[in-house]
């Protein structure tokens, strides 16, 4: 029974990967060429008319679940097809600024979001995690999928006290002269027994990220086991290095 469940799960995962590719802009003909299949077969899988065989599912997962492929497909979504890109390749030279990215498009691509979430779970394997944390509305869907996959708790940090039921913890940080911002976390959601996984679409800039880490580790006395982000600036990653927190990031900017 366990083997059959694992087998069905693998075949469904393969279908999700194919649907993610369609969301990214690939046509059935392109996918068929990569898999040495007919476009009609790919169409049947994508539309749920049948499941690929276990052997075929293994081939699909092996080909499309790799990090390089995921980076390429995410880049295709947030920047457009390679032939339209006016800037260097992300996975080779990075972006000049985060403003080059339209990461909000990922929220409209549920299969791709699920694909990213599964990769995030895989990247955190072997670490003790009790709860997943997100610090923005943009990152909440991704963090929720990650938490649901592993039955971890979900913690949301807000920038508005009106969206957090009192009582709450507050952490202030400064973005610039006279520009003070605050983070709010419902009291009791995190404590010293928790080992946390911070999951973000875009990793916050250094001042906000430092405030998040201090809120979780100093005010709540929890530990941050790992960080995953689709996009991050190099300066934010430098801060994680300073805190000694391991991380996995798909796309990095300068």
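In the working numbering, the protein residues as written are 1288 to 1541.
Glycine residues also receive a C-beta, built at the ideal position from the N, C-alpha and C atoms.
Small disclaimer: the values here were computed from a predicted structure and weren't measured.
Item, Value
"Could you give the C-beta distance for residue 1364 and residue 1392, rounded to a whole number, given that I count them as a contact under 8 Å?", "5 Å"
"May I ask which residues mark the beginning and end of the alpha helix (DSSP H) holding residue 1473?", "Looking at the DSSP string, residue 1473 is not in any alpha helix (DSSP H); the run it does join, the beta strand (DSSP E), is 1466-1473."
"Since I believe residue 1400 is in contact with residue 1366 (beta carbons under 8 Å), could you give me their beta-carbon distance rounded to a whole number of angstroms?", "About 17 Å separates the two Cβ atoms, so there is no contact after all."
"Just to confirm my understanding: we take residue 1536, look at its own chain, exclude 5 residues before and 5 after, and list those with CB closer than 6 Å. What are they?", "1516, 1519"
"Is it a yes or a no for the region 1411-1422 touching the region 1433-1449, going by three-plus beta-carbon pairs under 8 Å?", "yes"
"Let me make sure I understand the geometry here. Which of 1508, 1325, 1491 has the alpha-carbon closest to that of residue 1475?", "1508"
"Entirely within the region 1410-1449 and at least 4 residues each: give me those alpha helix (DSSP H) ranges in chain order.", "1427-1437"
"Taking a contact to mean a Cβ-Cβ separation below 8 Å, would you say residue 1298 touches residue 1327 in this structure?", "no"
"Where does residue 1516 fall in DSSP's three states?", "strand"
"What three-state label does DSSP hand residue 1508 in the structure shown?", "coil"
"Out of 1492, 1477, 1530, 1359, state which residue places its alpha-carbon closest to the alpha-carbon of residue 1460.", "1492"
"Buried or exposed: residue 1527, going by 16 or more other Cβ atoms within 10 Å of its Cβ?", "buried"
"Answer yes or no: do residue 1303 and residue 1438 have a C-beta to C-beta separation smaller than 8 Å?", "no"
"With a CB to CB cut of under 7 Å and the five nearest residues on each side skipped, what residues in its chain are close to residue 1429?", "1400, 1403, 1404, 1486, 1488"
"Take residue 1481 as the anchor and find which of 1458, 1348, 1440 has the nearest alpha-carbon.", "1440"
"Tell me the rounded alpha-carbon separation between residue 1354 and residue 1505.", "34 Å"
"Rounded to a whole number of angstroms, what is the C-alpha to C-alpha distance between residue 1477 and residue 1293?", "33 Å"
"Under a three-way DSSP split, which group does residue 1538 fall into?", "strand"
"How would you write the range of the alpha helix (DSSP H) that residue 1393 sits in, first residue to last?", "Careful: residue 1393 lies outside any alpha helix (DSSP H) and carries neither H nor E."
"Check residue 1488 in the structure and name its three-state DSSP category.", "strand"
"At what residues does the alpha helix (DSSP H) containing residue 1527 begin and finish?", "1521-1530"
"Alpha carbons only, please: which of 1338, 1322, 1311 is nearest the one belonging to residue 1358?", "1311"
"Beta strand (DSSP E) containing residue 1462: first to last residue?", "1455-1463"
"With 16 as the cutoff for other CB atoms within 10 Å, does residue 1295 come out buried or exposed?", "exposed"
"Check this for me: beta carbons of residue 1513 and residue 1530, under 8 Å apart or not?", "no"
"Pick from 1502, 1443, 1496, 1494: whose alpha carbon is nearest that of residue 1457?", "1502"
"Grab me the residues of residue 1443's own chain with a C-beta within less than 7 Å of its C-beta, minus the 5 sequence neighbours each way, in chain order.", "1421, 1427"
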